[in-house]
Amino acid sequence: MEIPERVFLEAIQSAMAVVFVPFQDAPTFQKAGHPQANERIDLNCCGGFKIIYPFIPGPTISRTMASISSTRRHFLTQCCSALLAGVAINPLAAVFAQTSRSDRAITITGMEVLAVDVTERTNWIFVRLTASNGVTGLGEASLGRRSELNELNEFFRMVDGESAFDINQYRSRAWSRASSGNRVLATAFSSIEQALWDIVGKTLQVPLYQLFGGKLRDTLPVYANINRATSNRTPAGFAENARLAVADGFRALKAAPFDGFPALTASAHEIDAARQLGVDCVFAMRDAVGDDVAIKIDAHSFFDVDLSIEVARELQPVNLSWYEEPVAPSQTENTRLIHDAVTQTMAGGEFLFGVDGFAPLCQNHAVDIIMPDVKHCGGLLEALRISTIAEANGVLVSPHNPSGPVSTAASAALCAALPNFDILEFQWGEQVWRGTLVNPRELFEDGSITVSELPGIGINLDAEVLMDHRA
Ligand SMILES: [Mg+2]
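In this text, residue positions in the sequence shown follow the working numbering: the first is 580, and each later residue adds one.
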């Protein structure tokens, strides 16, 4: 009997997932409109593991695997054999073929925390893990002006002496602490998770996107966040930096001209003045860059529902590319009310954590674009899982990344593999030496960044530049 190509490819993907993709508990399978958790799932026809694995609770996998008929099991066995024999259907086969069992048994042996002094508002905190094979992996844990994060030690103890490849086991050990609602703990957890992935990629000698199923694009569109670089908070100040970012090649910009907005209990006069200043800044940016540049506005949750809608209507002539977080994204129902009342595309979610944090925004269609941050959302694997639930609900992903070059490289590796990727953030104009802090140097051209073909996240820190700017 001839096997249809679709069934064959899905079986191969399922077989690869058995070999490679880890399973985790995620109770959202049912919520996303998929079959009941205790229902049999036909791995040959559901789209493959990569599509469904974020939604399947572990016990269901056992039941599902047990339910595969002997004929299909034989078929999958044959597929696995073909892969292990070196059939070049999926690059992962080649990855494992080249990697010895001892490579994959490497353990974590050390951690360095490296803080960089960027501006009066910003430090970058990098985590560098060392493995027993001498490979090092980078993660980023930047949080405003902090120069140290003692919580990193707590999470390092959970990987010290453990296999770098057992990222799910780290997640299991650390998840209750990481998901407690404390942003510092979430950030510390996430940065170590990133560094583990970097070690895995560098040990296997493959770019990280390869471990997420392969890349869908060679370059990634990037937008310039000009907000922190704009110290002159007037229409002229925003217009000037918008012009300069466009001169640097960026075709999309973001600013937060409502920063400093008074509490909503302030006088009507005070609120009106702040609102008018913010609106004037947005119009000035549009006048400065013309109609062909995308302008995104982040309202940093200063408004309530009514004010959010009023401001959005005032900004309608500017034709915003998106309107971000006029209220806190944890307010799902308020965000949805605003979304349904305004014409602008809405984005948000930069400090939400985990699939559970993002699921309400996605499932209620409260935003069009979610903004997980690999530094805060639970790391790279969690960002992938979050992106999958977004995809299932027709929501795009634009990782939040007003960060240093390590977070940018990790985010880029993830974005390369996301089917519902929109655009990546770049913190523009903070320091001229930024690009030289890593090797090879960070390079943005024509408003995009090239996906690295180097192992892991594709960069290492430059020791001299790092030394010059240590916090
Ligand atoms: Mg934001």
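Ideal Cβ placement from N, Cα and C applies to all residues, glycine included.
In angstroms with no decimal places, state the Cα-to-Cα distance between residue i and residue j.
{"i": "phenylalanine 735", "j": "glycine 716", "result": "13 Å"}
{"i": "methionine 925", "j": "valine 974", "result": "10 Å"}
{"i": "valine 1044", "j": "valine 1011", "result": "12 Å"}
{"i": "leucine 783", "j": "threonine 922", "result": "47 Å"}
{"i": "isoleucine 685", "j": "alanine 710", "result": "6 Å"}
{"i": "threonine 914", "j": "alanine 995", "result": "29 Å"}
{"i": "serine 1031", "j": "leucine 886", "result": "43 Å"}
{"i": "asparagine 980", "j": "lysine 875", "result": "14 Å"}
{"i": "phenylalanine 744", "j": "alanine 694", "result": "26 Å"}
{"i": "serine 751", "j": "isoleucine 1002", "result": "31 Å"}
{"i": "glutamate 819", "j": "alanine 867", "result": "7 Å"}
{"i": "valine 785", "j": "isoleucine 917", "result": "43 Å"}
{"i": "proline 908", "j": "leucine 940", "result": "8 Å"}
{"i": "alanine 645", "j": "isoleucine 1028", "result": "Low local confidence applies: a pLDDT of 38 at alanine 645 is under 50, so the model's placement there is unreliable, and no value is given."}
{"i": "proline 896", "j": "proline 800", "result": "25 Å"}
{"i": "histidine 1048", "j": "arginine 812", "result": "27 Å"}
{"i": "glycine 1008", "j": "aspartate 1025", "result": "16 Å"}
{"i": "alanine 989", "j": "arginine 822", "result": "28 Å"}
{"i": "serine 880", "j": "tryptophan 776", "result": "33 Å"}
{"i": "aspartate 871", "j": "tyrosine 749", "result": "46 Å"}
{"i": "asparagine 747", "j": "arginine 892", "result": "46 Å"}
{"i": "leucine 728", "j": "phenylalanine 930", "result": "17 Å"}
{"i": "threonine 688", "j": "methionine 1046", "result": "23 Å"}
{"i": "isoleucine 704", "j": "phenylalanine 862", "result": "35 Å"}
{"i": "alanine 774", "j": "glycine 1037", "result": "12 Å"}
{"i": "valine 697", "j": "glycine 927", "result": "26 Å"}
{"i": "arginine 548", "j": "arginine 700", "result": "Nothing about residue 548 can be reported from this structure: the residues present for the chain run from 580 to 1050 only."}
{"i": "asparagine 1039", "j": "aspartate 859", "result": "42 Å"}
{"i": "isoleucine 948", "j": "alanine 1050", "result": "34 Å"}
{"i": "arginine 762", "j": "glutamate 733", "result": "15 Å"}
Taking the beta carbon of residue i as the centre, do at least 16 other beta carbons fall within 10 Å, making it buried, or is it exposed?
{"i": "leucine 795", "result": "exposed"}
{"i": "leucine 722", "result": "buried"}
{"i": "serine 846", "result": "exposed"}
{"i": "glutamate 961", "result": "buried"}
{"i": "proline 905", "result": "buried"}
{"i": "leucine 731", "result": "buried"}
{"i": "alanine 920", "result": "exposed"}
{"i": "aspartate 1081", "result": "No answer is possible for residue 1081: the residues shown for the chain start at 580 and end at 1050."}
{"i": "methionine 737", "result": "buried"}
{"i": "serine 755", "result": "exposed"}
{"i": "aspartate 952", "result": "buried"}
{"i": "serine 742", "result": "buried"}
{"i": "isoleucine 631", "result": "For isoleucine 631, the pLDDT reaches just 37, beneath the cut-off of 50, and the residue's location in the model is therefore unreliable, although a value from the coordinates is still provided. Counting Cβ neighbours within 10 Å, isoleucine 631 comes out buried, since at least 16 surround it."}
Going by the DSSP bridge assignment, what does residue i pair with across the sheet?
{"i": "threonine 1029", "result": "Thr798"}
{"i": "aspartate 739", "result": "Ile687"}
{"i": "isoleucine 948", "result": "Ala926, Leu975"}
{"i": "valine 692", "result": "Val706"}
{"i": "leucine 790", "result": "In DSSP, leucine 790 forms no bridge with anything."}
{"i": "aspartate 877", "result": "Glu903"}
{"i": "arginine 527", "result": "With the chain represented from 580 up to 1050, any question about residue 527 goes unanswered, as that position is not in the structure."}
{"i": "alanine 803", "result": "Leu832, Phe1005"}
{"i": "glycine 1037", "result": "DSSP lists no partner for glycine 1037."}
{"i": "phenylalanine 1000", "result": "Val976"}
{"i": "glutamate 1024", "result": "Ser1027"}
Please report whether the beta-carbon of residue i lies at a distance below 7 Å from any beta-carbon of chain B.
{"i": "arginine 752", "result": "No chain B appears in the structure shown, which is made up of a single protein chain."}
In chain order, what residues of the same chain have a beta carbon less than 7 Å from the beta carbon of residue i, not counting five sequence neighbours either side?
{"i": "proline 841", "result": "Glu849, Ile850, Ala853"}
{"i": "lysine 954", "result": "Glu719, Ala720, Ser721, Thr766, Ser769, Ser770, Ser982, Ser986"}
{"i": "aspartate 1041", "result": "Thr1015, Leu1016, Val1017, Asn1018"}
{"i": "phenylalanine 882", "result": "Val890, Pro905, Val906"}
{"i": "isoleucine 888", "result": "Ile917, Ala920, Val921"}
Which residues in the same chain as residue i place their Cβ atom closer than 6 Å to its Cβ, once the five residues preceding and following it in sequence are excluded?
{"i": "asparagine 806", "result": "Ala834, Ala835"}
{"i": "alanine 873", "result": "Ala831, Ser900"}
{"i": "valine 714", "result": "Ile778, Lys781, Thr782"}
{"i": "methionine 690", "result": "Leu708, Phe735"}
{"i": "asparagine 617", "result": "Its pLDDT being 40, under 50, asparagine 617 is placed unreliably by the model, and the measurement read from it follows with that caveat. Here the set comprises nothing."}
{"i": "alanine 824", "result": "Ala803, Ile805, Leu832, Trp1007"}
Could you give the residue range of the alpha helix (DSSP H) that holds residue i?
{"i": "valine 884", "result": "884-893"}
{"i": "alanine 842", "result": "That residue, alanine 842, is in no alpha helix (DSSP H); it is neither H nor E in DSSP."}
{"i": "glutamate 819", "result": "814-826"}
{"i": "serine 990", "result": "984-994"}
{"i": "leucine 764", "result": "762-783"}
{"i": "serine 846", "result": "Careful: serine 846 lies outside any alpha helix (DSSP H) and carries neither H nor E."}
{"i": "phenylalanine 937", "result": "933-942"}
{"i": "histidine 918", "result": "911-920"}
{"i": "arginine 756", "result": "746-757"}
Check for me: the beta strand (DSSP E) holding residue i runs from which residue to which?
{"i": "glutamate 699", "result": "Note, glutamate 699: premise wrong, no beta strand (DSSP E); not H, not E."}
{"i": "glycine 718", "result": "715-719"}
{"i": "alanine 831", "result": "831-834"}
{"i": "phenylalanine 1005", "result": "1003-1006"}
Ligand 2 heavy atoms versus the CB of residue i: any closer than 6 Å?
{"i": "aspartate 877", "result": "Looking for ligand 2 in the displayed structure turns up nothing; the ligands present are ligand 1."}
Take residue i and list the residues in its own chain whose beta-carbon comes closer than 8 Å to its own, dropping the five residues that flank it on each side.
{"i": "asparagine 999", "result": "Ser966, Ala969, Glu970, Val974, Leu975, Val976"}
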